[in-house]
Amino acid sequence: MNNNLNQSPCLVAAYAQGTCNGGQFTVNPLAPDTHYTGPDVAMANPCQCSTVVYSLMSACAVCQNRNIETWSTWDVNCSQVYLMQFPNQVPSATSIPAWAYLDVVTNDTFSAAVAQADVCELYSYPRGTSTFIHLQRHQRHPHPPLMPLNPPAPCSTLQPPRPLYLVA
Numbered sequence: 001m002n003n004n005l006n007q008s009p010c011l012v013a014a015y016a017q018g019t020c021n022g023g024q025f026t027v028n029p030l031a032p033d034t035h036y037t038g039p040d041v042a043m044a045n046p047c048q049c050s051t052v053v054y055s056l057m058s059a060c061a062v063c064q065n066r067n068i069e070t071w072s073t074w075d076v077n078c079s080q081v082y083l084m085q086f087p088n089q090v091p092s093a094t095s096i097p098a099w100a101y102l103d104v105v106t107n108d109t110f111s112a113a114v115a116q117a118d119v120c121e122l123y124s125y126p127r128g129t130s131t132f133i134h135l136q137r138h139q140r141h142p143h144p145p146l147m148p149l150n151p152p153a154p155c156s157t158l159q160p161p162r163p164l165y166l167v168a
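Under full-length UniProt numbering, the residue at position 106 of the sequence shown is numbered 106, and the numbers go up by one with no gaps.
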């Protein structure tokens with residue numbers, strides 16, 4: 001599920017989230033039986049409240065053979081959500097894969113199988129572009145349990161996982 005620059009979803013997620021954090025963001029590896037969580041109230045920002053970042057973080061988890069949260073659990077602390085959009089300009093050092101823009105709301109989850117199939121397009125949203133649409137949160141959804149996933153092959157794995165640090 002690497003992008004067209006052969007960057008892992010974890011690295012792309014760090015770049016993307018860095019745009020809402022002064023150019024810096026760390027994506028730590030997951031310990032066994034853990035998962036990435038959506039933002040808490042104090043940390044909720046447009047990047048973390050976008051389905052694009054949710055998809056990238058979910059793919060990062062799948063590539064470590066870990067579980068993922070549902071979208072409705074991820075976005076519970078977001079006052080605004082950005083559906084199938086990235087709210088900032090894509091950093092010039094990366095590109096966001098097209099599969100990160102796919103719908104995760106309808107089924108309330110990221111699908112590694114669908115993303116893997118979409119990789120065949122070999123297309124990513126170009127560096128330095130921007131997409132922006134946001135929706136106000138009006139209704140909360142029930143929160144189903146974590147969704148265990150079996151990663152499709154091939155999946156870019158982080159073995160052993162290590163933290164990714166970005167400094168602009």
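Even for Gly, the Cβ is constructed at its ideal location relative to N, Cα and C. Keep in mind the model is a prediction, meaning the values are calculated, not measured.
As summarised for the segment 70-116, the continuous alpha helix (DSSP H) elements at least 4 residues long and confined to that stretch are 71-74, given in chain order.
In the DSSP assignment, residue 26 falls within the beta strand (DSSP E) that extends over 25-27. Within the same chain, 99 and 102 come within 8 Å of residue 114 by CB-CB distance, once the 5 residues on both sides are set aside.
Cβ contact annotation for residue 57 (same chain, cutoff 7 Å, sequence separation greater than five): 13 and 36, in chain order.
Boundaries of the alpha helix (DSSP H) harbouring residue 9: 9-18, taken from the DSSP string. Burial is judged here by how many other beta carbons sit within 10 angstroms of a residue's own beta carbon; residue 30 has at least 16 and is buried.
Spanning the alpha carbons of residue 3 and residue 52 requires a straight line of approximately 13 Å. If you compare the alpha carbons of 96, 110 and 107 with that of residue 9, the shortest gap goes to 96. Residue 116 and residue 65 have their C-alpha atoms roughly 15 Å apart. The shortest CA-to-CA distance from residue 24 to any of 32, 11, 77 and 33 is the one to 11. 55 is the residue among 89, 90, 33 and 55 whose C-alpha sits nearest the C-alpha of residue 70.
Within 10 angstroms of the beta-carbon of residue 1 lie 16 or more other beta-carbons, which makes it buried.
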